[in-house]
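Peer 1: Residue numbers (this note's numbering): 26 to 258.
Dropping the structure in here first, questions after.
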Ligand SMILES: Nc1ncnc2c1ncn2[C@@H]1O[C@H](COP(=O)(O)OP(=O)(O)OP(=O)(O)O)[C@@H](O)[C@H]1O
Ligand SMILES: [Mg+2]
C-alpha cells in the first residue's frame, strides 16, 4: 500500500534521512521505531508532502507522492495524528471531530463516522460539548485519533501516540487502534519500543536517519540487541 524506496531527505544543509526504504501492506500494523532525533517525524513529513526527498520515491497504491501537497496526500486517503496531538483547544470535542471530516467524501459520512469514533472512545461522547483544552492528555490523544478517523482514511499514521501518557491509558488507546480492523492500515511511529512492538506485526528501526533493523515485531521484541538498546533489559 505504501512504499518508501531509497529516500534521502535534507533539512536545511544537513541530511536527516539516508536511503530509507520500507513497505506497509494493506491492513498491516507497522511500527517505525527510533530514539530522539532518529528522523521519524521527518519520514512522516516526507510521506505527507511537507518536505521533499532529494532522492528516492514514495508511492501510495502505486502512485508517487513526491511533489504532492499535503492536502492532495490527505485526499488520497492518508491521515496523520501529529506529534503533540494539536487539537483545537478552544473548540469543543464535537467541533474538533467535525473539522476532521473536511474531505468531500468524509462530509457525506459525518454522522456515521462520528458514531464510530464515539463507540471507539465513549468518553468523547460524554464530553462532546466540552472544550478540547479541558480534556486530559489521554483524552486529547483519543480526540486527535478520532479527528483523523473522521476523514475516513485508508492509511493512518500516528506520531508518538504514547508521548507524555501514563502506561494504562497508552495501552487503552493502542488497543482501540487494534480494534479498527484491517480496513484501516496503521503506521505507528514511536519512541516507546516495547508498546509499539506489542501492537504491530512488523517494525523498522531508524538510527541516525537510516533503517538499522527490520523484521517481525515478535522477533525484534526477543532480539538481545534491541532489548539492550531500546528496552533497557
Ligand atoms: N525543520 C528542521 N530543520 C532542520 N533540522 C531539523 C528540522 N526538523 C528536524 N530536524 C533535525 O532532523 C533530525 C531528525 O528529527 P526528527 O524530528 O525527524 O526526529 P524524530 O525521530 O521524530 O525525533 P523525536 O523522537 O524527538 O520526535 C534531528 O537531528 C533534528 O534536529
Ligand atoms: Mg518525532
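A virtual CB, placed ideally from N, CA and C, is assigned to each residue, including glycine.
All of these numbers come straight from a predicted model, not from anything done at the bench.
1. What I want to know is whether the C-beta of residue 66 ends up closer than 7 Å to one or more non-hydrogen atoms of ligand 2.
2. Since residue 239 is in the beta strand (DSSP E), which residue starts that stretch and which ends it?
3. Within a Cβ cutoff of 8 Å, which residues of the same chain sit near residue 169, ignoring the five residues on either side of it in sequence?
4. Could you give the uninterrupted runs of the alpha helix (DSSP H) lying entirely in the stretch 81-140, keeping only those of 4 residues or more?
5. Below 7 Å CB to CB, which residues in the same chain sit around residue 41 once its five sequence neighbours on both sides are set aside?
6. Return the chain-ordered list of same chain residues with a C-beta closer than 8 Å to the C-beta of residue 76, the five sequence neighbours on each side being excluded.
7. Sorry if obvious, but does the Cβ on residue 239 come closer than 7 Å to a heavy atom of ligand 1?
8. Given the structure, does residue 232 come close to ligand 2, in the sense that its CB is under 7 Å from one of the ligand's heavy atoms?
9. Using DSSP with H/G/I as helix, E/B as strand and the rest coil, what is residue 41?
10. Terminal residues of the continuous beta strand (DSSP E) containing residue 30?
11. Taking the alpha carbon of residue 26 as the reference point, which residue from 134, 47 and 39 has its own alpha carbon closest?
12. Give me the Cα-Cα distance between residue 194 and residue 163, rounded to the nearest whole angstrom.
13. Whole angstroms are fine: how far does the CA of residue 91 sit from the CA of residue 72?
14. Which same chain residues end up closer than 6 Å to residue 121 when comparing Cβ atoms and leaving out the 5 residues on each side of it in sequence?
15. Any idea which residues DSSP pairs residue 156 with across the strands?
16. Should the stretch 200-216 be called in touch with the stretch 124-140, which here means at least 3 C-beta pairs below 8 Å?
17. Output needed for residue 251: all residues of its chain with C-beta closer than 6 Å, excluding positions within five of it in sequence on either side, in chain order.
18. Taking its Cβ as the centre, do 16 or more other Cβ atoms sit within 10 Å of residue 127, making it buried, or is it exposed?
19. Once you ignore the five residues that flank residue 242 on each side, which residues in its own chain have a CB closer than 7 Å to its CB?
20. Excluding sequence positions up to five away, which residues of its chain have a Cβ less than 8 Å from the Cβ of residue 100?
21. Does DSSP put residue 5 in a helix, a strand or coil?
22. Between 209, 85 and 192, which has its C-alpha nearest residue 183's C-alpha?
23. Using only CA atoms, which one of 102, 180 and 239 lies nearest to residue 211?
24. Can you give me the Cβ contacts of residue 256 inside the same chain, cut-off strictly under 7 Å, excluding the 5 residues immediately before and after it?
Peer 2: In this structure, then:
1. Position 41 of the chain shown, counting from 1, holds the residue named residue 66. Checking every heavy atom of ligand 2 against the Cβ of residue 66, one is found closer than 7 Å.
2. Within the chain shown, residue 239 is the residue found at index 214, counting from 1. Unbroken beta strand (DSSP E) run through residue 239: 235-241.
3. To locate residue 169, count along the chain shown from 1; it is residue 144. Around residue 169: 106, 107, 110, 111 and 112.
4. 95-100, 118-125 and 129-133
5. As a working note, residue 41 is residue 16 in the chain shown. Cβ neighbours of residue 41 beyond the five flanking positions: 34, 35, 64, 67 and 234.
6. By 1-based counting over the chain shown, the position of residue 76 is 51. Once the five neighbours on either side are set aside, the close Cβ partners of residue 76 are 34, 36, 67 and 70.
7. Along the chain shown, one-based indexing puts residue 239 at 214. No, the beta carbon of residue 239 sits no closer than 7 Å to any heavy atom of ligand 1.
8. As a working mapping, residue 232 is identified with position 207 in the chain shown. No, the Cβ of residue 232 stays beyond 7 Å of every heavy atom of ligand 2.
9. Numbered from its first residue, the chain shown carries residue 41 at position 16. Here residue 41 sits in strand by DSSP.
10. Taking the first residue of the chain shown as position 1, residue 30 is located at position 5. Run containing residue 30: 27-36, per the beta strand (DSSP E) assignment.
11. On the chain shown, position 1 is the one that residue 26 refers to. Closest by alpha carbon: 47.
12. Residue numbering aside, residue 194 sits at position 169 when the chain shown is read from its first letter. Residue numbering aside, residue 163 sits at position 138 when the chain shown is read from its first letter. One C-alpha to the other measures close to 6 Å.
13. Taking the first residue of the chain shown as position 1, residue 72 is located at position 47. Taking the first residue of the chain shown as position 1, residue 91 is located at position 66. Looking at the two C-alpha atoms, the distance is approximately 8 Å.
14. Reading the chain shown from its first residue, position 96 is the one you call residue 121. Taken in chain order, the residues that qualify are 112, 113, 157, 168 and 172.
15. As a working mapping, residue 156 is identified with position 131 in the chain shown. Looking at the DSSP assignment, residue 156 forms a beta bridge with 117.
16. no
17. If you number the chain shown from 1, residue 251 lands on position 226. Contacts found: 245.
18. Within the chain shown, the letter at position 102 stands for residue 127. Exposed.
19. Counting from one through the chain shown, the residue named residue 242 turns up at place 217. Result list for residue 242: 56, 222, 225, 226, 227 and 228, in chain order.
20. Counting from 1 along the chain shown, the entry for residue 100 is found at position 75. Cβ neighbours of residue 100 beyond the five flanking positions: 128.
21. Since the first residue of the chain shown is 26 and the last is 258, residue 5 is not available in this structure.
22. Translated into the one-based positions of the chain shown, residue 183 becomes position 158. Among 209, 85 and 192, the Cα nearest to that of residue 183 is on 209.
23. Position 186 of the chain shown, counting from 1, holds the residue named residue 211. The candidate whose alpha carbon is nearest that of residue 211 is 180.
24. Counting from one through the chain shown, the residue named residue 256 turns up at place 231. These residues qualify, in order along the chain: 218 and 219.
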